[in-house]
Amino acid sequence: MNRRSVPLLSKSRFLAGLQCDLRLYLQCYEREHATAPDAAQQGRFDAGSRVGIIAHRLRPDGILIDEPFYRHDAAVARTKRLLKGSESSALFEAAFTEDGVRIRVDILARRPDRSWDFIEVKSTTSAKDEHIPDVAIQLHVLEQAGLSVGRAGLAHINRDYVYPGGEYDATQLFAISDITDKARAYSQRLMDELAAKRAVLELDQPPGIDIGRHCKTPYDCEFIEYCRRDEPNWSVDELPRIKADRVAALRASGVRSIADISGGTWLTEVQERVRNAVLSGEPYTSPALSSELARIVTPAHFIDFETINPALPIYPGTRPYETLPFQWSDHILHPDGRLTHHEFLAEGREDPRREFSETLIDQLAGAATIVTYSAFETTQLRLLGDALPDLRRAFDALQSIAWVDLLQIVRAHYYHPNFHGSFSIKSVLPSLVPDFGYGDLDIQEGEVASNAFLEAIDEETKPAKSQQIRRDLLAYCERDTEAMIRVVEALRATV
439 MNRRSVPLLS KSRFLAGLQC DLRLYLQCYE REHATAPDAA QQGRFDAGSR VGIIAHRLRP
499 DGILIDEPFY RHDAAVARTK RLLKGSESSA LFEAAFTEDG VRIRVDILAR RPDRSWDFIE
559 VKSTTSAKDE HIPDVAIQLH VLEQAGLSVG RAGLAHINRD YVYPGGEYDA TQLFAISDIT
619 DKARAYSQRL MDELAAKRAV LELDQPPGID IGRHCKTPYD CEFIEYCRRD EPNWSVDELP
679 RIKADRVAAL RASGVRSIAD ISGGTWLTEV QERVRNAVLS GEPYTSPALS SELARIVTPA
739 HFIDFETINP ALPIYPGTRP YETLPFQWSD HILHPDGRLT HHEFLAEGRE DPRREFSETL
799 IDQLAGAATI VTYSAFETTQ LRLLGDALPD LRRAFDALQS IAWVDLLQIV RAHYYHPNFH
859 GSFSIKSVLP SLVPDFGYGD LDIQEGEVAS NAFLEAIDEE TKPAKSQQIR RDLLAYCERD
919 TEAMIRVVEA LRATV
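Per our numbering, residue 439 is the first one in the sequence shown, and the count goes up by one each step.
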């Protein structure tokens, strides 16, 4: 052994190692290279924690082992005491250390025959392949601790649950999949995998693992930016819609930059366009760009929606992860060149869809063109028509207006090397309009806007904070529609 002491594996460390040995090594020895979760990631983590707390209602008689993760030994000692007693029919966050592995079990429930069931809680809507090793490692540790396990279950969100209001009915909110057999089958290779991960932790140097699809599969690795630190400015994985095995083959052959790719028939038309732009340093402009932009006839309404899709529904009659629009912004380009702006932001006390819809329908009356950036808005209008059938005729009338998807125009007819393979407006805007962007805003991304709205309408949020969030939301959504105007102006200047 090369190290004086090797840290114990935990469930999370083991799963990190299954994704990538380098991720496991860095988590244990070079944590300073990790990128902290951004606001959107933290929002997902927080939502998962709330789901886990609600899942405790599956066993309302359970006892919570509330010692924090850094007091694991104390949590193990308390768990052992409660397991010996008869007063605990269920434990939440039960702690164990066996065979050099530490775990916390979401729900551990005593069966009438004195054996135990355990449930791993996820905020997904189904049991997935990546959940099997998660459950298998817990099954191994529990049985090493001397517990007889009857069933290993995975509780996930039931998308068919309709929230009636009030407290969540956990028995309806969650579906529980029995994955005992799959976990036991996985256990047959578990010992070899544990040995392999311990060997990684005995290394003096980080294992030499190149970047690849494992960096984001099944989860985004917190060391992505660190591991990409030596990537060239135009990495081969920036080619639009390039397959992961093609990227791996290029890197294996020593080609890491788009500029080093030889021209060939395997490149798609768009990929060849990107390669040529990188080589020349000049943007590509299609001869058809001018005629495509001419489809934007005034009065043209540039619109953008913001939505929420919470795992835990907040409005009666809605389902988990149901998408609900709560805000729109509309910049109108008038025939005389004037630009005006209108907006809507729901108060949040009730389902926002009706007021959102009625104000939007009135707002778009008389439009000659409606401009969006992606098909997201048109999809939402179809969903709103299904949810509000009395407004379906009005929505159908909106669909009869000429719609222009600016994203599709950019993707088909323009490319700037600084897009770096992305046609997101957050990539397109700074390349075309360098002096205009989102850097001065407190909210700069759609998922963050969703989380902010949920915070603003939370009863525990102080009024002053809620009002500040609302101002930030209005500024962000307005910037999105103004950004489309600026992109169109910049594109017209190129032809």
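We put the beta carbon where it would ideally sit given N, CA and C, even for glycine. Source: prediction; values computed, not measured.
Helix, strand or coil at residue i according to DSSP, with G and I counted as helix
i, result
"A686", "helix"
"Y601", "coil"
"D828", "helix"
"E525", "coil"
"L446", "coil"
"H471", "helix"
"H578", "helix"
"I847", "helix"
"M439", "The pLDDT assigned to M439 is 45, lower than 50, so where the model puts this residue is not dependable, and the model offers no usable value."
"F782", "strand"
"D735", "For clarity, residue 735 is Val in the given sequence; the question names Asp instead. Note: V735 maps to coil in three-state DSSP."
"E916", "helix"
"L502", "strand"
"H569", "helix"
"E660", "coil"
"F534", "strand"
"H769", "strand"
"G490", "helix"
"L911", "helix"
"D698", "helix"
Cβ neighbours of residue i in the same chain (closer than 8 Å, five flanking residues each side left out)
i, result
"A715", "P721, Y722, Y853, H854, P855"
"S691", "none"
"A512", "E505"
Bridge partner(s) assigned by DSSP for residue i
i, result
"P763", "T745"
"T609", "Answer is none; T609 lacks a bridge partner."
"V809", "F740, V842"
"F833", "Answer by DSSP bridge pairing: none, since F833 is not bridged."
"V559", "A593"
"D852", "It should be noted that the sequence gives Tyr, not Asp, for residue 852. Answer by DSSP bridge pairing, in chain order: T723."
"T517", "According to DSSP, T517 bridges with nothing at all."
"E669", "Paired residue(s): none; E669 is not in a bridge."
"A965", "An answer regarding residue 965 cannot be provided, because it is not within the stretch 439 to 933 covered by the chain."
"V674", "The partner list for V674 (beta bridge, DSSP) is empty, contrary to what the question assumes."
From the options, residue whose alpha carbon lies closest to that of residue i
i, options, result
"L580", "S625, E605, L611", "S625"
"I808", "R792, E785, L771, R666", "L771"
"L577", "D843, I617, A813", "I617"
"I907", "A590, A921, A887, F740", "A887"
"A832", "V693, P571, L798", "L798"
"I741", "T919, S838, E760", "T919"
"G588", "F556, S526, A623", "F556"
"H471", "R552, C659, C915", "C659"
"E531", "K522, V539, G523, P506", "P506"
"S767", "T745, I662, K864", "T745"
"Q818", "R776, P773, D551, Q765", "Q765"
"R597", "S615, A621, D537, T562", "T562"
"R909", "D551, K900, A894, T816", "A894"
"W704", "V693, I680, Q837", "I680"
"L929", "K654, V848, P872, D484", "V848"
"I752", "G786, F661, P773, P737", "G786"
"A913", "K518, V444, E781, T736", "E781"
"P642", "L845, F857, Y467", "Sequence inspection shows Asp at residue 642; the Pro mentioned does not correspond to that position. Cα-wise, what sits closest to D642 is Y467."
Check whether residue i and residue j have beta carbons under 8 Å apart
i, j, result
"R542", "A528", "no"
"L879", "R917", "yes"
"L826", "S795", "yes"
"D789", "G823", "no"
"A608", "R495", "yes"
"A749", "V489", "yes"
"L677", "Q709", "yes"
"R757", "Y599", "yes"
"S526", "I501", "yes"
"I839", "A921", "no"
"A697", "L717", "yes"
"A686", "G719", "no"
Same chain only: Cβ atoms within 6 Å of residue i, ignoring 5 sequence neighbours per side
i, result
"M439", "Note that M439 scores a pLDDT of 45, beneath 50, so its modelled location is shaky and nothing firm can be said."
"L585", "W554"
"S695", "P670, W672"
"Q882", "Y876"
"A583", "F534, E536"
"C665", "I649"
Own chain, CB closer than 7 Å to residue i, minus 5 neighbours either side, in chain order
i, result
"I734", "T807, V809, V842, V926"
"P645", "D459, L460, Y463, V638"
"S564", "H594"
"A621", "I570, V573, A574, L577, A590"
"K635", "L447, F452, G455, L462"
"L520", "I501, S526, L529"
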